[in-house]
Amino acid sequence: MQLQNIDLELKKFLYQQIYVHKIGSIDTLLAEGYMFDAQEIQQALEVFMRNELIIPTVSTMQIGQKKVDFMRNDEKFRILKENDQL
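Everything in the sequence shown is counted per numbering that gives the first Met the number 0, starting at 0 for the first residue and increasing by one.
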């Protein structure tokens, strides 16, 4: 699967959750994305990783009150959003 092949609504959801709301937990994305198939979310996250939109942490971290499985690449998100790829 490639970035352009991800369902548009799922792509919008992930953009909002990861970039706007700064969610870095796979479990949180799966819970918040209950309207999508969990496997679709997992596959989309793998595509995001391959495109360097998110960078997985070595292990799950606790930052304040948040569990973090990955960090987002703000510059890459900005560029793809400007090019209407997100």
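Glycine is no exception: its CB is placed at the ideal position from the N, C-alpha and C atoms.
{"query": "Alpha-carbon spacing of Arg49 relative to Lys65, whole angstroms", "result": "24 Å"}
{"query": "Closest Cα partner of Met34 within the set Ile22, Glu8 and His20", "result": "Glu8"}
{"query": "For Arg71, the nearest candidate out of Leu52, Gln84 and Thr56 (CA to CA)", "result": "Leu52"}
{"query": "Cβ-based burial, Ile17 [other Cβ within 10 Å; buried from 16]", "result": "buried"}
{"query": "Residue burial classification, Ile25 (beta-carbon count within 10 angstroms, cutoff 16)", "result": "buried"}
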